[in-house]
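Trainee: Residues in the sequence shown are numbered from 244 upward in steps of one, following our numbering.
We put the CB at the ideal spot given by N, CA and C, even for glycine.
Note that the coordinates shown come from a computational prediction; the quantities given were computed from them, not determined experimentally.
One structure is given below, represented as structure tokens, and several questions about it will come after.
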Amino acid sequence: MTDQSSQDRVLIFDTTLRDGEQSPGATMTHAEKIEIAGLLDEMGVDVIEAGFPIASEGDFAAVAEISRLSKNSVICGLARAQLGDIDRCWEAVKHAPQPRIHTFIGTSPLHRAIPNLTKDEMADRIHETVSHARNLCDNVQWSPMDATRTELDYLYRVVEIAIKAGATTINIPDTVGYTAPRESAELIRKLLEHVPGADEIIFATHCHNDLGMATANSLAAVEAGARQIECTINGLGERAGNTALEEVVMAMRVRNDIMPYQTKIDATKIMNISRRVAAVSGFAVQFNKAIVGKNAFAHESGIHQDGMLKNAETFEIMRPEDVGLSETNIVMGKHSGRAALRSKLEDLGFELGDNQLKDVFVRFKELADRKKEIYEDDLIALMRTTTDPE
Ligand code: KIV
Ligand code: ZN
């Protein structure tokens, strides 16, 4: 076990209620948002992005109530680079003991073309809006949307403007999941090296999963100096989703030998919040999803089950209890071996001699060939029709 007391802290910024809820079809009710925010606060999330207050009356009301109820987490609202958006955001988050305004604008050539602003006009807008936010709130986050496709010299320029205008966190979004780990790290390293004042603020990484690299990109950014990871429960988010909170937290924990960073997250609360987010968003978790999938701690093959029964470390790199699951799931099916069958039957109260086990095992395999999964009731039924040949 590594000594974590002297390790760098990485802040966990959860945006399940904002970027996560932006996935088509994932809309949550007011009460559901309050519940999820409470669970995030309890599990030790540093910053909760509670919504986009200008987007609707409902979003405003949810952010305001989450702010009032918050205990430990900073509560953040999102605002476009417009004074009215920022005012509305402040109206919602100002009730929190620790409020944050997060304002953003798309800085890549593709995104600059939408409001049809020149580089200079956009730079002025950034200065004006970040300064405005900072006059309202001491804690201001600024994001150059589509940062990973923004010209590097322009990115340096606008990040410097935002820092000078009072931003305390600079978030670097990979808005379309385009970057790769080496590039993600290099970008943070270059920003820290070239932007005056960069050492006085926190750099955040905000990755999308379009190419399945969000977790790797986030961790690479941390290794290069980012100290806030933006993520969602179950990786919920637009298109292929955002970085999954449970993945980055457990990766830094399980591989703390090569990623010596600490978070404040109580990982034993992961499974419960994962299930609640799946239930309220209506987005089921894929079976083989890392950490929280139904099969993440399940074993069916005979070799794996035998290994697990002798020493769980043979096929598990973390314990199910570490993420809030009561135990490993030994799934009985056609790939299961004799040792697993004996152990399962013993759990059900059946002590078998070797000959009896041989007989039951043959009939178990016949049944498993017909049924995908064998449940406890199937095993009990099998035992009822078993004679004791010993
Ligand atoms: O992906 C993105 O660029 C965003 C910003 C609003 C931060 O979600
Ligand atoms: Zn995003």
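(1) Tell me whether N554 sits in a helix, a strand or coil according to DSSP, three-state version.
(2) Drop a sphere of 10 angstroms on the beta-carbon of K614, count the other beta-carbons inside from all chains shown, and report buried for 16 or more, exposed for fewer.
(3) Pull up the DSSP beta-bridge partners for C345, would you.
(4) Just the C-alpha distance for A356 and T422, rounded to the nearest angstrom, thanks.
(5) Does the Cβ-Cβ distance between A583 and I573 come in under 8 Å?
(6) Counting only runs of 3+ residues fully inside the region 283 to 333, write out the beta strand (DSSP E) ranges in chain order.
(7) If you drop the 5 nearest sequence neighbours on each side, which residues of the same chain put their C-beta closer than 7 Å to that of M561?
(8) Inspect the beta-carbon positions of A269 and I309 and report whether they are closer than 8 Å.
(9) Cα separation between G263 and A293?
(10) Distance, Cα to Cα, L430 vs I415?
(11) With hydrogens ignored, establish whether the beta-carbon of N485 is closer than 7 Å to any heavy atom of the ligand ZN.
(12) Pull up the DSSP beta-bridge partners for E473, would you.
(13) Could you tell me the distance, in whole angstroms, from the CA atom of M575 to the CA atom of E609?
(14) Going by the C-beta, is L321 closer than 7 Å to any heavy atom of the ligand KIV?
(15) Can you tell me whether K276 is buried or exposed, with buried defined as 16 or more other CB within 10 angstroms of its CB?
(16) If you compare alpha carbons, which of F303, A410, T346 and P358 is closest to E334?
(17) Within its chain, find whatever has a CB closer than 7 Å to the CB of K587; leave out the 5 residues flanking it on each side and keep chain order.
(18) At a cut-off of 7 Å, is S650 close to the ligand KIV when judged by its beta-carbon and the heavy atoms of the ligand?
(19) Could you say which of R343, E394 and A376 lies nearest to H354 if we only look at CA atoms?
(20) In the structure shown, what three-state DSSP assignment does M626 receive?
(21) Quick one: Cα of R252 to Cα of T412, how far?
(22) Just the Cα atoms here: how many angstroms apart are A366 and L454?
(23) When you compare the region 554 to 571 with the region 588 to 602, are there three or more beta-carbon pairs, one atom per stretch, that lie closer than 8 Å?
(24) Along the chain, where does the beta strand (DSSP E) that runs through N414 open and close?
(25) Measure the alpha-carbon distance for M244 versus Y504 and round it to whole angstroms.
(26) Going along the chain, which residues of its own chain have a beta-carbon closer than 8 Å to the beta-carbon of L434, five neighbours each way excluded?
(27) Counting Cβ pairs closer than 8 Å, one from the region 523 to 531 and one from the region 455 to 463, do we hit at least three?
(28) When you measure from the CB of N477 to every non-hydrogen atom of the ligand KIV, does any distance come out below 7 Å?
(29) Run the CB neighbour count on L326, radius 10 Å, all protein chains shown included, and call it buried at 16 or more, exposed below.
(30) When you compare each of A274, E589, V535 and L379 to E619 by their alpha carbons, which one comes out closest?
(31) Can you look up Y397 in the DSSP assignment and give me helix, strand or coil?
Mentor: So, from the data block:
(1) Here residue 554 is taken as the residue at index 311 of the sequence shown, counted from 1. Coil at N554, not helix or strand.
(2) Here residue 614 refers to the residue found at position 371 when the sequence shown is read from its first residue. In summary, K614 is exposed, with fewer than 16 beta-carbon neighbours lying within 10 Å of its beta-carbon over all protein chains present.
(3) In the sequence shown, counting from the first residue as 1, residue 345 sits at position 102. First, the residue type needs correcting, since residue 345 is His and not Cys in the sequence shown. Residue pairing from DSSP places H345 in a beta bridge opposite L321 and Q384.
(4) In the sequence shown, residue 356 corresponds to position 113, counting from 1. In the sequence shown, residue 422 corresponds to position 179, counting from 1. Between the C-alpha atoms of A356 and T422 there is a straight-line separation of about 21 Å.
(5) Against the sequence shown, residue 583 aligns to sequence position 340. Against the sequence shown, residue 573 aligns to sequence position 330. Contact: yes.
(6) The qualifying runs are 290 to 294 and 317 to 323.
(7) The residue you call residue 561 lines up with position 318 of the sequence shown. Sequence-distant partners of M561 (beyond 5 residues in either direction) whose C-beta falls short of 7 Å from its own C-beta, in its chain, are M493 and V497.
(8) Walking along the sequence shown from the start, residue 269 turns up at place 26. Walking along the sequence shown from the start, residue 309 turns up at place 66. No, they are not a contact pair.
(9) In the sequence shown, counting from the first residue as 1, residue 263 sits at position 20. In the sequence shown, counting from the first residue as 1, residue 293 sits at position 50. Taking the straight line from one Cα to the other gives about 10 Å.
(10) As a first step, residue 430 must be located in the sequence shown, where it is residue number 187. As a first step, residue 415 must be located in the sequence shown, where it is residue number 172. So the two alpha carbons sit approximately 9 Å from each other.
(11) Walking along the sequence shown from the start, residue 485 turns up at place 242. Yes, since a heavy atom of the ligand ZN falls inside the 7 Å radius drawn around the Cβ of N485.
(12) Within the sequence shown, numbered from 1, the residue matching residue 473 stands at position 230. BP columns for E473 point to F256 and H449.
(13) In the sequence shown, the residue the question calls residue 575 occupies position 332. In the sequence shown, the residue the question calls residue 609 occupies position 366. Those two C-alpha atoms are separated by around 13 Å.
(14) Residue 321 sits at position 78 when you count from the first residue of the sequence shown. Checking every heavy atom of the ligand KIV against the Cβ of L321, one is found closer than 7 Å.
(15) Looking up residue 276 in the sequence shown gives position 33. It is buried - the Cβ of K276 has at least 16 other Cβ atoms within 10 Å.
(16) Along the sequence shown, read from residue 1 onward, the residue named residue 334 stands at position 91. For the set F303, A410, T346 and P358, the Cα lying nearest the Cα of E334 is the one of F303.
(17) Translated into the one-based positions of the sequence shown, residue 587 becomes position 344. So the list reads I573, M575 and L622, once near-sequence residues are dropped.
(18) With the chain covering only 244 through 633, there is no way to say anything about residue 650.
(19) Position 111 of the sequence shown holds residue 354. Selection R343, E394 and A376 evaluated against H354 yields E394 as nearest (Cα-Cα).
(20) To locate residue 626, count along the sequence shown from 1; it is residue 383. For M626, the three-state secondary structure derived from DSSP is helix.
(21) Taking the sequence shown and counting its residues from 1, the one referred to as residue 252 is at position 9. Taking the sequence shown and counting its residues from 1, the one referred to as residue 412 is at position 169. C-alpha separation (whole angstroms): 15 Å.
(22) Taking the sequence shown and counting its residues from 1, the one referred to as residue 366 is at position 123. Taking the sequence shown and counting its residues from 1, the one referred to as residue 454 is at position 211. Distance between the alpha carbons of A366 and L454 is about 31 Å.
(23) Counting Cβ pairs under 8 Å, fewer than three are found: no touch.
(24) On the sequence shown, residue 414 is found 171 positions in, with the first residue counted as 1. It spans T412 to D417 - the beta strand (DSSP E) in which N414 sits, taken as one unbroken run.
(25) Start at 1 with the first residue of the sequence shown, and residue 244 comes out as number 1. Start at 1 with the first residue of the sequence shown, and residue 504 comes out as number 261. Confidence at M244 is low in this model, with a pLDDT of 46, below 50, so its placement is unreliable and no value can be given for it.
(26) On the sequence shown, position 191 is the one that residue 434 refers to. Sequence-distant Cβ neighbours of L434 in its own chain, meaning closer than 8 Å and more than five residues away, are L398, Y399, V402, I413, I415, A441 and F446.
(27) Output reads no: the region 455 to 463 does not touch the region 523 to 531.
(28) For the purposes of this step, residue 477 is taken as residue 234 along the sequence shown, with counting starting at 1. Flag unset: Cβ of N477 not near the ligand KIV.
(29) In the sequence shown, residue 326 corresponds to position 83, counting from 1. Flag for L326 reads exposed.
(30) In the sequence shown, the residue the question calls residue 619 occupies position 376. Measuring C-alpha to C-alpha distances from E619 to each of A274, E589, V535 and L379 identifies E589 as the nearest.
(31) Position 154 of the sequence shown holds residue 397. Here DSSP, grouped into helix, strand and coil, assigns Y397 to helix.
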